[in-house]
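Under my numbering, the first residue of the sequence shown carries the number 789, and numbering increases by one thereafter.
Heads up, the beta-carbon is just placed ideally off N, CA and C, and yes, glycines get one too.
Predicted, not measured: the structure shown is a model, and the values here were computed from it.
Take a look at the structure below.
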Amino acid sequence: MTNLVAMRVLPFIDRRDAGKYLADQLRVWADRQDVLILGLPRGGVPVAFEVARVLAAPLDVYVVRKLGVPGREEFAMGAMASGGAEFVDTDVVAALGITERQLELARQRESLELERREALYRGAPIRPLSVEGRTMIVIDDGLATGATMYAGLLALRMLQPARLIAAAPVGMPDACVRVGEICDSLVCPWRPQNFVSVGQAYENFDATSDEEVIRLLDEAAQFGADSYDAARPK
């Protein structure tokens, strides 16, 4: 545990509490016209909401779906993101003997869910994110394997942002190293050596619903409204 995190009581109360704490680590980006906050739904959105509120920056979502190991879906063997970007952890696939058929079935399943969430959160037809030349701060509620964040960053890099910053309240050290290699900056204040799961950092780690994501996006519509034309229809 870093000294920074040791200064406050852990675990966090919930994702909103974690977001307020994370926002303190990102204040250098407050009140800037080029900043856009992206929450990875569902769990990253409540965290990102608080960051966007404190930084007075616009909030949007970027849909990324984890490719779960068959029978152990919470364990990622890869991820896919809006725009067709995909990351496959070849080490995990090889170690667990995942077949190409199993991988393809996971792709098909998660592709359908990715499309559903895109339409639900960002409307249809879906307008592209305004990314080029911006400072993007991509937020999740934690980094376990880091595969979800990794795939999202790969996809966003193709859209030519000025800076790509990844942020999460907690992360497994190895995952933080992996994610840090493909972004310009990683903000992850708690990296416990005895990492078990993202949930260990929270008292309340209940699942975030679609309804909560939509409500938070609606509430955040005023954040940084002058600097960003939000992609969601009102």
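With respect to the 8 Å criterion, Y850 and V926 are classified as neighbours on the basis of their beta carbons. E920 sits away from L944, with the two beta carbons spaced by 8 Å or more. In the structure shown, V851 adopts coil according to DSSP, grouped into three states.
I886 counts as buried, since at least 16 other C-beta atoms from the protein chains shown sit within 10 angstroms of its C-beta. Residue state for S997 is assigned as coil, using DSSP reduced to three classes.
The continuous stretches of alpha helix (DSSP H) do not include S985, and DSSP gives it neither H nor E. Take the alpha-carbon of V880 and the one of M865: they are about 6 Å apart. Per DSSP, reduced to three states, the secondary structure at S973 is strand.
The Cβ-Cβ distance between L1004 and F837 falls below 8 Å. Under a 10 Å Cβ-count criterion, D1006 is classified as exposed, with fewer than 16 other Cβ atoms of the shown protein chains found around its own Cβ.
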